[in-house]
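Counted the way this note's numbering counts, the sequence shown spans residues 818 to 893.
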Amino acid sequence: MESMFFVMAILGCGDGNQQCTPARVMPTHYVTMAECRAALPDQLARNTDIPYPVIGADCRKSGVEFAQVDAKRPRS
């Protein structure tokens, strides 16, 4: 089972960063949010072909996230 990771969504926005919508999700998986954010400038520079007046990017959680169970608490 795969654990949680982060992906980068490239967003296409109207003028003034209004009404941004995901244009594509990059296939690279990042282990941490910090790794994803560090890659933002490079990925934005590589994705200038999106037909919107403004482009942006956002790092998002993806994958499976497991809840932690407190071993001291009885299960009901």
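Cβ coordinates follow ideal geometry from the N, Cα and C atoms, glycine included.
My assumption, with CB atoms under 8 Å, is that residue i sits in contact with residue j. Please give the rounded CB distance.
i, j, result
"A874", "M825", "6 Å"
"Y847", "A856", "7 Å"
"F823", "M850", "6 Å"
"R854", "C876", "6 Å"
May I ask you to check if the CB of residue i is nearer than 8 Å to at least one heavy atom of the ligand NAP?
i, result
"T849", "Absence of the ligand NAP from the depicted structure is noted, as is the absence of any ligand whatsoever, leaving it without description."
Per DSSP, residue i forms a beta bridge with which residues?
i, result
"S879", "F822"
"L828", "P839 and G873"
Start and end of the beta strand (DSSP E) containing residue i?
i, result
"T868", "Checking the displayed sequence, the identity of residue 868 turns out to be Pro instead of Thr. Run containing P868: none; DSSP gives neither H nor E here."
"T838", "T838 to V842"
Mind checking whether residue i and residue j have CB atoms under 9 Å apart?
i, j, result
"Y869", "G833", "no"
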